[in-house]
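Participant: Residue numbers (the working numbering): 1 to 330.
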Ligand code: NDP
């Protein structure tokens, strides 16, 4: 129908959110000074939480979920953007409080948009998605704290997931020796193909942590939290850094201060949602040069808007490998 566009809309349900496909008009969109013709979105862990109601992510009902998208500017009242420009959006509460990426159209604040580097297509931007952009934020934090390849191995937990897969590919390209921790032994070849030198079973890290363990890695990107993060910290070499971005095992951190006060470990917290614009631009610029797009293709599968509800359940069950590109116009 003219003037309408397709979207997923989630309403508050008795037990779980009600997910429906709807034909909407621009009147259904929220405030913003830039309208974007959305090309692609993706399925991040947080999208899974929003779609299934496994955690109270959505703050405004009904809402179009989808915490990220790539597309082309269609209309702009913002002096920094003009029609036709290719843009990406990650976070800022989109898909949580503001209508998100699971739609053919989005209206947002221009201040939330990043212009895509030439080397990253709109499709690759969502193969990267918020998961991959968060991986880059983690690696920037390690670099800021002086982690260089000669310092020792870098551990990535939740390795076969989205953040983990992209982190492995980037770290390997930058010359780090990467240890991948996974619960999916069957994905060992996949992880080695991305650049992991060694695979460990996540069971080694998922039980209660000792205050200090044997020093095993110089740094880590942790997607898992809880006991896993406590173990990761307790086994990080003197002076090392751990970038903590995820909670796949849990929100808690049942550890001790021993790694901080006896080994001078730094725990770097990573938030992608409200990260300042300068950091976003830096992360996307680095993704253009430090992520091998062939490896990105190897870790990505394509999906349609129709597949999103099922993928939301699968990502929460830990069944999604790597990254999913959602073509909202397919
Ligand atoms: P995925 O679901 O793709 O990856 C998570 C991975 O964690 C799984 O693939 C699995 O890896 C591992 N995992 C799952 N459950 C458990 C468990 N119970 N114990 C140990 N490991 C487990 O999600 P994403 O990669 O998109 O996100 C990863 C984490 O990072 C999530 O918690 C997400 O919320 C968070 N995140 C945070 C951001 C921020 O701004 N701080 C931004 C983006 C994501 P394997 O099968 O290899 O064991």
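Glycine residues also receive a C-beta, built at the ideal position from the N, C-alpha and C atoms.
1. Using 8 Å as the threshold, is the stretch 178-190 in touch with the stretch 155-167, meaning 3 or more CB pairs across them?
2. Quick check: what's the CA-CA separation for residue 110 versus residue 7?
3. Would you say residue 345 touches ligand 1, meaning its beta carbon is less than 7 Å from a heavy atom?
4. Please classify residue 59: is it buried, with 16 or more other beta-carbons within 10 angstroms of its beta-carbon, or exposed?
5. For residue 203, count neighbouring Cβ atoms within 10 angstroms of its own Cβ and tell me buried if that reaches 16, exposed if not.
6. If you drop the 5 nearest sequence neighbours on each side, which residues of the same chain put their C-beta closer than 8 Å to that of residue 175?
7. Whole-angstrom Cβ separation of residue 76 and residue 83, contact assumed at under 8 Å?
8. One question on the structure: do residue 127 and residue 300 come within less than 8 Å of each other, judged by their Cβ atoms?
9. Just the C-alpha distance for residue 80 and residue 212, rounded to the nearest angstrom, thanks.
10. Any idea if residue 69 is buried or exposed, counting beta-carbon neighbours within 10 angstroms, 16 or more meaning buried?
11. Can you tell me which of the three DSSP states residue 260 falls into?
12. In chain order, which continuous runs of the alpha helix (DSSP H) of length 4 or greater are located wholly inside the stretch 100-171?
13. When the Cα atoms are used, what is the spatial distance from residue 113 to residue 191?
14. Verify the contact flag: residue 280, CB atom, against every heavy atom of ligand 1, threshold strictly below 7 Å.
15. Take residue 224 and list the residues in its own chain whose beta-carbon comes closer than 7 Å to its own, dropping the five residues that flank it on each side.
Facilitator: Looking at the coordinates:
1. Yes, since at least three Cβ pairs between the stretch 178-190 and the stretch 155-167 fall closer than 8 Å, the two stretches touch.
2. The residue given as residue 110 occupies position 110 in the chain shown. The residue given as residue 7 occupies position 7 in the chain shown. Straight-line Cα distance between these residues: approximately 21 Å.
3. This structure cannot settle anything about residue 345, because the visible part of the chain is limited to 1 through 330.
4. For the purposes of this step, residue 59 is taken as the residue at position 59 of the chain shown. By the beta-carbon neighbour count (other beta carbons within 10 angstroms, threshold 16), residue 59 is exposed.
5. Reading the chain shown from its first residue, position 203 is the one you call residue 203. Result: exposed.
6. Reading the chain shown from its first residue, position 175 is the one you call residue 175. Only residues of its own chain outside the window of five on either side were considered, and among them 149 have a CB closer than 8 Å to the CB of residue 175, listed in chain order.
7. In the chain shown, counting from the first residue as 1, residue 76 sits at position 76. In the chain shown, counting from the first residue as 1, residue 83 sits at position 83. That belief holds up - the Cβ atoms of residue 76 and residue 83 are roughly 6 Å apart, short of 8 Å.
8. Your numbering for residue 127 matches position 127 in the chain shown. Your numbering for residue 300 matches position 300 in the chain shown. The Cβ-Cβ distance between residue 127 and residue 300 falls below 8 Å.
9. Here the question's residue 80 lines up with position 80 in the chain shown. Here the question's residue 212 lines up with position 212 in the chain shown. Cα to Cα, residue 80 sits roughly 50 Å from residue 212.
10. The residue labelled residue 69 in the question sits at position 69 within the chain shown. By the C-beta density criterion, residue 69 is buried, having at least 16 other C-beta atoms within 10 angstroms.
11. If you number the chain shown from 1, residue 260 lands on position 260. Helix, per DSSP.
12. Counting whole runs of 4 or more residues, the stretch 100-171 contains the alpha helix (DSSP H) stretches 122-144.
13. As a working mapping, residue 113 is identified with position 113 in the chain shown. As a working mapping, residue 191 is identified with position 191 in the chain shown. Roughly 32 Å separates the two Cα atoms.
14. For the purposes of this step, residue 280 is taken as residue 280 along the chain shown, with counting starting at 1. Outside the cutoff, so no.
15. By 1-based counting over the chain shown, the position of residue 224 is 224. Within the same chain, and ignoring the five residues on either side of residue 224 in sequence, the residues whose Cβ sits closer than 7 Å to its Cβ are 157, 158, 246, 248, 249.
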